[in-house]
Structure formats: C-alpha cells, structure tokens
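These notes are about the structure you will find just below.
Numbering (this note's numbering), first residue to last: 1080 to 2205.
As structure tokens, then:
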C-alpha cells in the first residue's frame, strides 16, 4: 500500500499476524480463486479523487441468492428480567438490547476463565450478525487461518445459507443495526481495562477487515458497520486515557517541583508511561481499521456503506482531532463531495459543517479549504435540493471564517441580499441575466420602439421580484442596488414615468407595483447621482475621479430633462398616498434646477414647489414631512433668479400658514374638549417640529402662548405635551444660535432668551419633580415623555453650561442645576434604564418613539459629565456604576465616557472608587431588603464585574502611569470597608481585590500589613461569616505576593493587539497538499512553524442581517413572457 501507517514504536511485543491491511500474499490469492475477486490495495492518488470506474463493480457480478428467511426460535430467557446462561449474544442483539450490558459483562467473566473459548464465541457472534452460522472451536482458535474462515463464509453466501438481518421485515430485527453498534460500543468500553490490549482483540479486528473486503454485500455492510463503530468506541477510550495522561503529567510536574526522586515520582512516571503506551496501542488499532477497512469501503458500490464511512469519519475527526484532523484523512471528505449519491454528498457536507463549527479546527483546515472550496461552492447549485441547502450552510460557515474568495462565489440567489458587496453585485448580474433580461440581448441594436418595449418588459419582471419584498423597503433597496449596475431599464427615466402615469394602455400597475416602481425610481435616481441606497460596511466617504463626476453630472442632467415636464403630474397623481409621496418628493433634490431656466420650464418648477408645499400641509407622516422640508429647502437654496425668490416666498408662506393654524389649534384646544382639536394641534406641532429641525422659524409670540398653555395640556394627549416641549426647545436653541452668531447683542434679546430658557426649564423640572403627574394611556408613551424630559434637560444644561459663556458678555446666560435637581434627573434616568425594550407595547405608533430608548438616556447623562455641564462628583460615579448592568450598547457608551475622563486627566481615582462603592451599596440594599438570594447574588456579581471592567482599564504602561490612582482607590476602599466592619467587608472581596491585583508586589505587601493591622485587636471568630470576605482578601494578597508575579504582564502582553503593518503571509505554495509520504509528525511540525495571523476586528453587523429573508429568492422564477398586463 502507498498509504503507509506509522510504525508503532512504544507498543508492547505482540504476536505477528497476517493482517489484511499489510499483506496481499498467498492468502489473498487463495481468496481470489474462490471469489473471483481479490482484495484491492488501498493505494490512492495523492492529489485527485479516485475515479468512479475504480469502484468495486465486480461485487455486483457476484450472484448472491437470497433464500427464504429461516425461522429462528427465540429463547424465552431473552425477554426475561434475569439473563439465563443458555441465551446467545446474537439473540440478545436481535430481541432485547436492554440486556446487552449484562451480556458483555458475562462475556468478560468467560474471557477471564477461558480466553480462547470467549474469543470463539465473540467471532461466532460476528458471523451470525452477518447472517452466517459458522462454528469455531476455542481450542483451535490460534491455528485457524483467517483466510480459510473467510473463504468458507463466502461459500456459504454462494449457497444461500445466509440470512440478511438488516433488511428483514421481522419485528425482532427492527433495531438490529442500533443494537449491534451498542453491543460493540459496550464491549470496547468494558474491555478498556484488560482484553482491549490483548492479542485476542486484535484477532477480531483481522476478521472484521477480512469480511469487509468480501463480495457478499451483507458481509461488507455488517463488517463495515462493526469496524467503524469499534473505531468510534476506541476514540472514546483514547480520550479518557488522554485526560488521565494529562492529569498524571500535571501531578508529575507538581511533584517534580517538590522533589526530583522518590516513590511518588516513580509511580507517576510508570503510570504516565503505561497510559501513553495504551493510547499508542489504541491509535495503532484505529490506523489499522482505517487503512484496512475504510480506504476500501468509502468507495464501495453500496451507497449506504459509503455514507456510513463518511459519517463515521466526520465523527472521528471532530472527536479525536489530534489523530484525524490532518490532510491524510480530510481528503476523503473532499473526494466524496463528488460522489454520485446525494446521501453521500450530504453526509460529507454535514461532516465538514461539524468541523467548521469548531473555531479551533479552522487553522488545520486551511489547506483542505484551498483544495476543495471550489467544489463546495458548486454544491450550492447541486441537483439535489437538500444537498444544495446544506452546501449553502457550509458556505456561510466558510464566509464566517473568511476562508473563501468572494469573487469565486457562483449563482447563489440566497446571497442576493447578503452583506459583502462583491457577492451581491455578482448575484445581481445573475438575477438580471437569468430572471430579467432572459431572451433579450443588450448587445444587439434596437429601434426606439423595441428599446422601450424591452425596458417595459424588464421593469415588469423586476416588479415581480420586488413583490417579494413589498413590506420591507430596506430589502427592496438591496435588490435594486444589486441589479442596478446591469439593468439599463432602471435608467430609462422616460419609460418609468410613462408606466407611472399609465400612458401605455396595455400595462396597468397595481397599487403595490406602483409603490415599488416609485421606490425603484427614487433609488435609481440616487444611484445615478452617486449616492448610496444601502448601508456601507466601511462607512467611508465616497470619492469620485474626474470621469465619474462627469458621468454623474450627465445622469443628473438626463434625470432633470426627463422629469421636469412630468414631475408635477406625478406629484398630483400620488399626492394623497403617503407611502408614495415621500420618495417621489425627494427626487427633486437630485435634479439640476438650473435647467428649468435654461429649458424655459419655469412654470413646471413653480407647479412642483406649490404641490410640495401642499403635500407638507396635507400629511403628518414623518417620512413625508421630512422629504417635503428637504425638497423645499433645496429649491430655495439651489434654484436661481426668479425661481429662487418664488421658492423662498413659498417657504415663508408655509411658515406663516403653519403658525396661524397652530395658534388657532392651541386656542381651540384650550377652550374646547373636542378630541379632534387635540389631533389638529398634534399635527401642527409635528409639522412645526420637522420644520424647526432644519431652519429657525419665527414663533416669538407663539412661544409665550405655548408656554402658558402647556400646564393645561398635562392631562391631555401625551404626544401633544412632548411636541410642545420639543418645539420650545428648538426655538430656544435657534435663538441662542442667532445671538452667538450676531455681531451686536442687545440686552433685550438676552433678556428674552433668558426668559424663554427659564420658562422651558420650569416645565421640564415640573415633570422631573412630579413624576406621578406623567399620566396617560399606554405605558410606552409615558416612558417616551420621561425619556424626552431627560434628554431635553441634558441638552438645555449643555447649551447653557458655564464653560460656554465664561469671561464673555453672555455670562448672564450661564446656568447650572442645583444638586437636588441633578439627583432627581438621575433618578428618572435610572427608571428608564430599567425598562426593557421587549416589555414595551407593540401596538403604539413608534414613528418618533424609536428615537428614545435606554441608549439615548445614557448618552444624555454621559454628555453632561463629558462636557463639564454638571459637577462630576455625583453624576460621574452614578453613570459608571451602571457599566455592566444594561447590555453591550450601554456599556459601550460608558466605556467611551471613561476614556474621555481619563484623557482629560480628571480625578479618575475618586470617580472609580465612588462608582464601585455605589454598586456595592446597591448590593447591600438588595441583600438587606430582599429575601431572594438570586437577586442578591446577581447584584454582587454586577459589583465584581464592574470592578473587573474598571480595573481592566489600567493595562500595560497605564499601570505605572496610574499607579498612584490605583493605590488611592485601594486605600480609600479599605477605609470604606472597615468603617462598618464586618458589614461592609464584602467590598474587599467583591470589588477591591480587582484593583489590588494591578499593583506591584511591594505595594501589595504594604496593603497586606495595613489590613492585618486593622484586625490586630479584633476577634474575627465572633462572626465567622461576616469576616469571611476579609480572610479571603488577605489570602489572595498573600498568594499574590508569594508568586511575585508583576501583574501577569506576560498574559496581558499576549492579548495586546499588534500595531503597525500586518505580518506578511508565509508562502505556502511550495507545500504539497496531500502527500501520502508525509507523516503526521512532519505535518504537525510544519503547522507549528506557521505564524499566527493577526486578529481582525469584527465588523459591524449590517442592518440587513436582522431580517430573515435569505430564502425569499429561492423560488424566484419569472415567466419569460410575463409582463403586468391589463
């Protein structure tokens, strides 16, 4: 054989055998004469899959008569609770698998008495499992030749004296295969302390290998099943022995540190040697079965045999990677990806999926992936649907490990909305060519009429695809983005407009198609002028060269020319539809407005601006309002001459009309009780809010009216109160902006602004001081108002903080909240932090509520500390004490705050100390007030985690820089803990120990003396449980000082990210991928020489991953002739 197995060097002397795996001599020739087929050698080409023609087709020529199944009488004791002596093993396997453990133990007892007799019975059980009743006498077991027995068994099969238990329909044989594997698994497990390492068991393996190479299919099936299960069971034994070897090695290492010689050391050495020798013997058995059985049967003509081989190999590699996780064995998984049977291909894919799921296996699978990744991608388009689905899952795993070149991915529709842009573009090309273009060839010349018809057909097919994503505009944008580059019909602006205006009587758009077509038009316009319509993975700013800029300008011009005459018609037709008007209005912001004057289309421009104004006053949807505001501002700023004056006048008219309506709505709401008045007021406030987000609006007289009427609205609609506060804040902010940017500031303007600020703060502080007044229907709206109050207070305090106006003429505007207001502010913030997003009502309109959540509240509070708007002494520790309490997003906000504070070199030691003290006080409160130990345990763990996170900021060189701060935290923390000892001593164990471990040994000794000195005259035995944290703390310090380990620099150094240019990748092109002559030791040595690649930061997960719709394009098959028809 060309696949030589390593020679066992440490195994005990054993009697040589004529193993099938090693010889093909006279015995093989004799078998050939009797069967017409000799056993094939296992020589496989090192770099290619074995040809399908090489499979043992001659086995199919073997005539295997299947006689009528003989009736076998079942011993009554097989179903009895107590095992009888006269029951055979095969009867237990067939009829009562529950007795298998007892049978195995019975056989072990027989083996200890008479090895040969027991071995003969085991072999006869093997033969009977194959369906052949062949007798072997124990006293002649050594003289019996394996080949003679196998030839006799083959002759029995020729005569039809064999019963097939696997395919039998009898009830007793229903679970025969499972019972047989259970029997051998129990046998190997029970024999691991003795018979497994005797030569007798090796004799059984010889028979199994020999039977697996015989022509009768039933022999090969049972022998393969048995041999594969034995390897699986041997792996379990080897793993147990491996753990024992590691344990013994650790014990020996520990003992060697104490003394180098002695009976204990000698005993451990002997145990280690014996365990290693046993593992070597077991691995030799596994190699023998692999080379003698697997390398033949994995290409057996029976697909079930091939499938069981691949399934077993996957289990072996996964459970015992130290032996099987190498290219010598992995190549068989790669070769069977080409198997003609779908079940075998799927078994190989499942095995590979299991391997790639373990991250530690990925480095060892590098060369294998390079060799077979192309085939894995091909299997995604497999003829068998289940194989294709499994292959796509495997490809996702490869992408997760960055083992695939994205340019090599094929036609995978499910990846059309995946995140890598290269893949989506490639799939977009396939979607266009196969689903949209179909029989149309863009390279051929067409007349104008043919081109228009082609565009209409292509757009019709695209709309059929978009129907799958009508409910989600984000997914629609992904599909459009993927196909846009290849689909010229998306840039046929006149055709799209004609379809929207129903100018072709043969095409009638449904409401759903019209919505999708308008989305397509808006997205295509954005793409044409160089804007992104899907989130970018790198968030980099786009840069264009001269040619690209010229192309963008040309597209913008073409869009404007196509739209300028018909744009007002589109606005008029879809004015009432809020889903269509928002993207439609936004289109004008991407047009070249100068062309309206050059092309003498002023009247169309005026009509468009007028209708945009009407749309703003007609709708209250956020997207529609923002699109209108953006559009009318664009027209006011980017148009020229008279057109600009017209747009600005319309904007001024819009402001005046909105102000008038708002005044009337406020007056009617105050005077009347009609709910319609409240709704009208809410609509006006939303429109004013959207308008003020982008520009200042003159509402001087209206502001005072809003401020006075707000107290009367506290028991009205919560949304009315929220938008009143928002509009008042925006007006104050714009007023301050105007004063700061003006050359001369009058006292009247300062007084006016100060009055407005005071009025708004009074309203906000009212809700802060009277949280019970926040009432209304819907808990989520109440939380929304509370969040808005917190955010607006933070914004106001930051706007008017002292540092903004110190030593200026605007010092009168300085404002800082007093301590009581600040405590109330943080109390309300804490209430919002405790609210779970999942617990909120789902039936509430989340149009604006989505802007308020725990993250927004924490950002508002952290902003106050970071900008010095309030003193850090109280709010800073309170915020940081919530570091680990509210998930990763809140933790990231606090992490950035800590970085800012450390960069500004504030009193970080006091802030950290107070933060962990606050966390400990929360634990003490829970511990004393609650009887729930789990809550107290959770609170204490949060305290420990907080201390670990804060102390973890002092790493590397920062330890030396912040050593005084760490020392201060520890000393003041000890003072806090002993102030009320032993009640507060848990602070030592829960928080302080993390900071102490960051100090050098000399400081630890001083701290240890200080702590021990505090208890010199204290009897700690009075309250043992109370003083337990103290003893734990002291023991930890003593252990740390004894190790003299300077803060585990080596361990931390290993985790520090390497900076600078990445290491060059080593050239692996010269290494042979599957060279059978390379031993496993050489491969391990080569693998160990490779440098570890630098870890890459995890990219932010795109929004598209949050939507489960990857399978939506699976069944997309557009009819070649289908077009939206009337």
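The C-beta atom is built at its ideal place from N, Cα and C for all residues, glycine as well.
Between the CA atoms of residue j and residue i - distance to the nearest angstrom
i: residue 1431; j: residue 1412; result: 8 Å
i: residue 1318; j: residue 1280; result: 20 Å
i: residue 1415; j: residue 1273; result: 37 Å
i: residue 2039; j: residue 2078; result: 9 Å
i: residue 2071; j: residue 2048; result: 8 Å
i: residue 1477; j: residue 2107; result: 51 Å
i: residue 1638; j: residue 1660; result: 18 Å
i: residue 1609; j: residue 1631; result: 7 Å
i: residue 1139; j: residue 1380; result: Any reading at residue 1139 is ruled out, since the residue's pLDDT is 41, under 50, leaving its predicted position unreliable.
i: residue 1328; j: residue 1227; result: 46 Å
i: residue 1234; j: residue 1211; result: 10 Å
i: residue 2085; j: residue 2092; result: 10 Å
i: residue 2073; j: residue 2097; result: 26 Å
i: residue 1697; j: residue 1807; result: 23 Å
Where the alpha helix (DSSP H) through residue i begins and ends
i: residue 1810; result: 1797–1819
i: residue 1274; result: Here residue 1274 belongs to no alpha helix (DSSP H), and DSSP marks it neither H nor E.
i: residue 1231; result: 1225–1238
i: residue 1969; result: 1966–1982
i: residue 1386; result: 1382–1398
i: residue 1192; result: 1179–1192
i: residue 2048; result: 2042–2058
i: residue 2024; result: 2012–2030
i: residue 1989; result: 1987–2008
i: residue 2075; result: 2072–2075
i: residue 1514; result: Unbroken run through residue 1514: none, as it is neither H nor E.
i: residue 1455; result: 1445–1457
i: residue 1908; result: 1898–1912
i: residue 1675; result: 1673–1677
Closest Cα partner of residue i within the set the options
i: residue 1781; options: 1846, 1740 and 1933; result: 1740
i: residue 1424; options: 1403, 1408, 2065 and 1390; result: 1390
i: residue 1773; options: 1699, 1810, 1680 and 1952; result: 1810
i: residue 1694; options: 1381, 1677, 1733 and 1440; result: 1733
i: residue 1991; options: 1711, 2027, 1567 and 1681; result: 2027
i: residue 1813; options: 1841, 1874, 1426 and 1846; result: 1874
i: residue 1444; options: 1465, 1410 and 1426; result: 1410
i: residue 1056; options: 1745, 1676, 1200 and 1871; result: Since the first residue of the chain shown is 1080 and the last is 2205, residue 1056 is not available in this structure.
i: residue 1302; options: 2042, 1285 and 1818; result: 1285
i: residue 1563; options: 1953, 1324, 1537 and 1952; result: 1537
i: residue 1355; options: 1335, 1346 and 1325; result: 1325
i: residue 1292; options: 1840, 1320, 1374 and 1422; result: 1374
i: residue 2102; options: 2112, 2065 and 2061; result: 2061
i: residue 1717; options: 1682, 1751 and 1670; result: 1670
Collapsed DSSP secondary structure at residue i in the structure displayed
i: residue 1548; result: helix
i: residue 1717; result: helix
i: residue 1700; result: coil
i: residue 1863; result: helix
i: residue 2100; result: coil
i: residue 1419; result: coil
i: residue 1785; result: helix
i: residue 1338; result: coil
i: residue 1946; result: coil
i: residue 1955; result: helix
i: residue 1404; result: coil
i: residue 1823; result: coil
i: residue 1769; result: helix
i: residue 1481; result: coil
Residue i: CB within 7 Å of a non-hydrogen atom of the ligand FAD
i: residue 1666; result: Absent from the structure shown: the ligand FAD. Ligands present: none.
4 or more residues per run - each alpha helix (DSSP H) lying fully within the region 1568–1648: 1572–1579, 1590–1607 and 1625–1642
Sequence ranges, alpha helix (DSSP H) only - wholly within the region 1252–1323, length at least 4: For the region 1252–1323, whole alpha helix (DSSP H) runs of length 4 or above, ordered along the chain, are 1255–1269 and 1278–1291.
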